[in-house]
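The structure under discussion appears below in the form of structure tokens.
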Amino acid sequence: MTQFRYIVIIVAFLAARTVSSTEILDASVVKKDGVYHVFGESIVEAPPDFIFATLIDYDNFYKISSGIPETRFVESDDPDEVLAYTRIEACVMFFCRSAERLERIESTPYEEIHTQALPEHSDFEIYESRWTLSRHDRGTRVTHEARFKPDFWMPPLISNWAIKRKLIESAENIGIRIEYLQDNGLQLSQIAPPEKK
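For any residue, its number in our numbering is found by taking its place in the sequence shown, counting from 1, and adding 10.
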């Protein structure tokens, strides 16, 4: 793929924000005993099999998720175990932080993806997430649930509201980009990552 093609796709991603059909149905953040519980639900106009294939492609997932500059599969000594590495660089209000996690992935094709971080190889004491996909008359109902406890200090002034805003922004971006890929017959492996600022 030529450099011009990369630029066209990146520009199209940005332009797609104005015509996306992604609908955020619900988003919530609750903190209890130091553990954050996050829930999000949206409608994405793409079939479950396409969304599943995109979400589980850890070698390329960072291309559609803002605030995540690196994701990749990691070899495991156990042939039945699937591991993936994620590096996050995110800012919530005035607080910016880079964090890493190594996760064990289990999935039911086209329906569910469950991840659990290995604390000894992560910046989280607890990190567990679940994507659930179900057919909808407009495409797919995408549900994302996570609970996490950072293994680092976070300012107490960072509110659940601020984290919820980031959750909604991330869900919109992922939905927009998945719809763009689906509409244009593209896979994540065919596009370039966004240019670093």
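Note that the Cβ used here is the ideal one computed from N, Cα and C, for glycine as well.
Burial check for Ser-132: the Cβ neighbour count within 10 Å reaches 16 or more, so the residue is buried. Assignment of Gly-185 by DSSP, reduced to helix, strand and coil, places it in the helix class.
Between Thr-32 and Glu-155, the C-beta gap is not smaller than 8 Å, which leaves the two residues out of contact. Note on the region 30-63: whole beta strand (DSSP E) runs with a minimum of 3 residues are 33-42, 45-54, in chain order. Scanning its chain for C-beta atoms nearer than 6 Å, with the 5 sequence neighbours on each side dropped, one finds around His-47 the residues Val-40, Arg-157, in chain order. An exposed status is given to Phe-105, since fewer than 16 other beta-carbon atoms sit within 10 Å of its beta-carbon. When the Cα atoms are used, Ser-76 and Asp-147 turn out to be separated by approximately 28 Å.
In this structure, the alpha-carbon of Arg-151 lies about 20 Å from that of Glu-116.
Under the three-state reduction of DSSP, Glu-130 is assigned to helix.
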